[in-house]
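Report on the structure given below.
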Amino acid sequence: MSFRLGKKNKLCSPKLIDEVFASGRHVKSYPFVVRFLETDLPQDAHFQIVFSAPKRTFRKAVQRNRIKRICKESFRMQRASLDNYLQKQNKQIALFLVYTPREELSVKQLEGKTKKLIDKIITQLESNDAKN
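When you line the sequence shown up against my numbering, it's residues 5 to 136, in that order.
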């Protein structure tokens, strides 16, 4: 399995992003808040994701870009379980990941927390399947 987060995994559609916020579910797992929505994606990817760092908290673009880069790296390394689950269930989801703390965390710290976050997302998806 490739660990790449390529162009097909980037959530770029403003319409789809609005839909994620309007009718999607959310999961909180420090240091992230994630909104996600099961939907048919235009690409053949199992998920599309966008990363965000708030301008209110991090005034300088250099800081925001660094945080987003670290978040992408930690997600990229931990994405295998989410990819496998979505592939087995034949699902596609759109994710919007927001970094919430006021300080930068290291890559090592974020990798463990990203793993917990992905597990929570999978649990939410499974519980939704059980309800249907």
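Where is the CB? At the ideal position from N, CA and C, for every residue including glycine. Quick caveat, the model's predicted, so the values are computed rather than measured.
Counting every other CB atom within 10 Å of its CB across the protein chains shown gives H30 a total below 16, marking it as exposed. Taking C-alpha positions only, K72 is separated from A65 by approximately 10 Å. Note: K32 is bridge-paired with V37 in the DSSP secondary-structure output. Taking a cut-off of 8 Å for Cβ pairs, the region 71 to 91 and the region 110 to 119 touch, as three or more such pairs fall below it.
Using a Cβ-Cβ distance cut-off of 8 Å, the region 86 to 101 and the region 117 to 136 are in contact, since at least three pairs of beta carbons, one from each stretch, lie closer than that value. Burial state of G116 is exposed, judged by a 10 Å Cβ sphere holding fewer than 16 other Cβ atoms.
Closest in C-alpha terms to V102, from the list F51, Q82, L121 and L86, comes L121. In this structure G10 is exposed. Its beta-carbon is surrounded by fewer than 16 other beta-carbon atoms within 10 angstroms. Only residues of its own chain outside the window of five on either side were considered, and among them R39, L41, A98 and F100 have a CB closer than 6 Å to the CB of V24, listed in chain order. Cβ atoms of L15 and Q52 come within 8 Å of each other, at about 4 Å. Inside the region 77 to 111, DSSP marks whole beta strand (DSSP E) runs of 3 or more residues at positions 97 to 103, from first to last along the chain. For S6, no beta strand (DSSP E) run applies, since DSSP gives it neither H nor E. The C-alpha of D133 is placed about 23 Å away from the C-alpha of N13.
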